[in-house]
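Read the structure below first, then the notes.
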Amino acid sequence: MKHYIWMLGLALCFLLSCNSDDSCENYRIATISLEDEYACNDTRYSLDISTTEEFELITNLAEYKDKVTGTCDPTLIDFTNFDLIIGKVRLGSGNDSIDYSLIESCTEGRNLYVTFIQNDAMIAPVITYHVLVPKDEANKTIEVRIFKQTRA
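As structure tokens, then:
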């Protein structure tokens, strides 16, 4: 009987230690802009990518040269440590800026939130968005979520 109680106690301790980790918190991952890091000019209009997908994940120089055109010098980009997420979106009005936020979620993996800050200009531009993100050793997928916000 003592042996049975001891085994039951051990099993209970094991189950409690396998409890889900409540301390897991989402956190923001630093991103890099081609404009800030490599002095590329207004990449919203000076970079282009031919894609039918929502976005492309560029992992090396050869892919960049094959898929991206524009005035930014790709040989400067550190593809050893970073991947480039790049895509295009058609907007219903003018664009002032783009904000990026890369979040590592405990349950959803990596999410890149791209927010286009719009103005009242009566144009419908096609904007290229991009961000350099740290290479992910675990090869997690990145979900890109697009938002449009009118400047107040």
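Residue numbering for the sequence shown follows this note's numbering, starting at 798 and increasing by one per position.
The C-beta atom is built at its ideal place from N, Cα and C for all residues, glycine as well.
All values derive from a computational prediction rather than experimental measurement.
Under the three-state DSSP convention, the category residue i falls into
i: PRO922; result: coil
i: GLU851; result: coil
i: LEU873; result: helix
Run of the alpha helix (DSSP H) containing residue i, from where it starts to where it stops
i: SER843; result: 840-843
i: LEU858; result: 858-864
For residue i, the nearest candidate out of the options (CA to CA)
i: THR868; options: PHE876, LEU844, ARG825, ARG942; result: LEU844
i: ASP880; options: ASP870, ILE846, HIS927; result: HIS927
i: THR912; options: LEU831, ILE924, GLU860, LEU858; result: ILE924
i: ALA738; options: PHE852, GLU822, TYR842; result: In this structure the chain extends from 798 to 949, so residue 738 is not present and cannot be described.
i: THR828; options: PHE944, ILE900, LYS945; result: ILE900
i: SER847; options: PRO931, LYS862, ASN857, ILE874; result: LYS862
i: ASP875; options: TYR910, VAL941, SER830, ASP839; result: SER830
i: ILE855; options: VAL941, TYR897, ILE882, ASP833; result: ILE882
i: ILE895; options: TYR835, THR872, CYS821, LYS945; result: LYS945
i: GLU940; options: SER902, GLY889, ALA918, ASP917; result: SER902
i: PRO931; options: ASN878, TYR835, ASP839; result: ASN878
i: SER898; options: LEU909, SER820, GLY891; result: LEU909
Where residue i falls, given that 16 or more other Cβ within 10 Å makes a residue buried
i: VAL865; result: buried
i: CYS837; result: buried
i: LYS885; result: buried
i: ARG825; result: exposed
i: GLU905; result: exposed
i: ASN823; result: exposed
i: GLU851; result: exposed
i: GLU853; result: buried
Extent of the continuous beta strand (DSSP E) run through residue i
i: LEU831; result: Looking at the DSSP string, LEU831 is not in any beta strand (DSSP E); the run it does join, the alpha helix (DSSP H), is 831-835.
i: LYS945; result: 939-947
i: SER820; result: Run containing SER820: none; DSSP gives neither H nor E here.
i: SER894; result: 892-902
i: THR912; result: 906-915
i: LEU881; result: 879-887
Residues near residue i by beta carbon distance below 7 angstroms, same chain, minus five either side
i: THR947; result: GLN915
i: ILE943; result: VAL886, VAL911
i: ALA918; result: SER890, GLY891
Residues near residue i by beta carbon distance below 8 angstroms, same chain, minus five either side
i: LEU858; result: PRO871, THR872, ILE874, PHE876
i: GLY889; result: GLN915, ALA921, LYS945
Chain-order list of residues whose beta-carbon lies under 6 angstroms from that of residue i (same chain, five-residue window excluded)
i: LEU929; result: ILE829, PHE879, LEU881
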